[in-house]
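In what follows, a structure is listed as structure tokens, so that the remarks can point back to it.
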Amino acid sequence: MAHYAIINEHNIVVEVITGIDEDDTSTLPEDFSSWEHWYGDFKGATCKRTSYNTHGNEHSDGGTPLRGNYAGIGYIYDTENDVFYAPQPFSKWTLNETTWRWEAPEDYPDDGKHYVWNDNKGEWEEEAE
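Read left to right, the sequence shown gives residues 249 to 377 (my numbering).
Here is the structure:
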């Protein structure tokens, strides 16, 4: 079993499907070079394989990570770096191009309390109980 991201003309993931394992080409129609190619043609869009086990550019089973992160609907596909990453959650957060995850400009407080990000102030605020 493999997962594939369907990507629109703006490089946004619009659908994630479960499909035929990319190594099983026994039923791949002869006019196609890969299942990515076949699913993309079938959907009329770009298709890229995505790994359910890849998060933060690491593979959970110790394998080789694939395309930065498992794609989700609304994720961006970066064609230059061949990775998926989530939309920017807050205007002041920056994209870490090693993990392909968004990071706040300051670390989350490590005092056991719960915090929420205040983008207007650019800081973590203690969550009201």
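The beta-carbon is built from N, C-alpha and C at its ideal position, and this holds for glycine as well. Bear in mind the structure is a predicted one, so any value in this text is a computation, not a measurement.
Where I321 falls, given that 16 or more other Cβ within 10 Å makes a residue buried: Of the residues assessed, I321 falls on the exposed side of the cut-off, its CB having fewer than 16 other CB atoms within 10 angstroms.
Classification of F332 by the beta-carbon crowding that lies within 10 angstroms, buried from 16 upward: buried
Any alpha helix (DSSP H) of 4 or more consecutive residues that is wholly inside the region 286-361: none
Where E270 falls: helix, strand or coil (DSSP): coil
Which of helix, strand or coil DSSP assigns to E284: DSSP, read as helix, strand or coil, puts E284 in helix.
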